[in-house]
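For reference, the structure is listed below as structure tokens.
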Amino acid sequence: MRIGVAAEPASGHPDAAGRGFVSIPVPPPLPRTPRPAPASLVNAISELQSGFQGKAGIAVRAVDDGWTVEAGGASCCRSNRSASCGSQ
């Protein structure tokens, strides 16, 4: 895969003189293996939710690492499946 950047405006343009084309080789993306959520975060989220007096759902997602930590989400969001309470 190559990414090219045209550094030359349309011909006849006053800025066209002395400019060229830059092409940089780019390696293909590597497949990502999801990592588990940090155990300390899992424990902290669970403890925080269990100490709440009422209905509460907490979720934290690491988009780059591919993990989600949730506590109380199933009971909190059973009737309301919004983006913040998704089933992922």
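Numbering-wise (my numbering), the sequence shown opens with residue 1078 and increments by one. Built from N, CA and C at the ideal position, the CB exists for glycine as well. Note that this is a predicted model, so its numbers are computed, not measured.
- Query: Counting along the chain, where does the beta strand (DSSP E) carrying valine 1140 start and finish?
  - Reply: Taking the sequence shown and counting its residues from 1, the one referred to as residue 1140 is at position 63. Segment: none, valine 1140 is in no beta strand (DSSP E) and carries neither H nor E.
- Message: If distances are taken between C-alpha atoms only, which option among Pro1108, Ile1101, Gly1134, Asp1142 comes closest to proline 1115?
- Response: One-based indexing of the sequence shown puts residue 1115 at position 38. Looking at the Cα atoms, Asp1142 is the closest of the given residues.
- Between glycine 1149 and the rest of its own chain, which residues show a CB-CB distance below 6 angstroms, the 5 nearest in sequence each way excluded? Reading the sequence shown from its first residue, position 72 is the one you call residue 1149. Within the same chain, glycine 1149 has close Cβ partners Gln1126, Ala1133, Gly1134.
- Item | Residue environment, glutamate 1124, which counts as buried when at least 16 other CB atoms sit within 10 Å | Here residue 1124 corresponds to residue number 47 of the sequence shown, with the count starting at 1. Exposed: under 16 other Cβ atoms inside 10 Å.
- Would you report the Cα separation of valine 1099 and leucine 1107, rounded to the nearest angstrom? The count along the sequence shown starts at 1 and reaches residue 1099 at position 22. The count along the sequence shown starts at 1 and reaches residue 1107 at position 30. If you take the alpha carbons of valine 1099 and leucine 1107, they lie about 24 angstroms apart.
- Task: Taking only the alpha-carbon atoms, compute the straight-line gap between proline 1113 and phenylalanine 1129 and give it to the nearest angstrom.
- Result: If you number the sequence shown from 1, residue 1113 lands on position 36. If you number the sequence shown from 1, residue 1129 lands on position 52. Roughly 25 angstroms between the two C-alpha positions.
- Item | Rounded straight-line distance, which links the Cα of glycine 1131 to that of proline 1104 | By one-based count along the sequence shown, residue 1104 stands at place 27. By one-based count along the sequence shown, residue 1131 stands at place 54. Using only the alpha carbons, I get a separation of about 50 angstroms.
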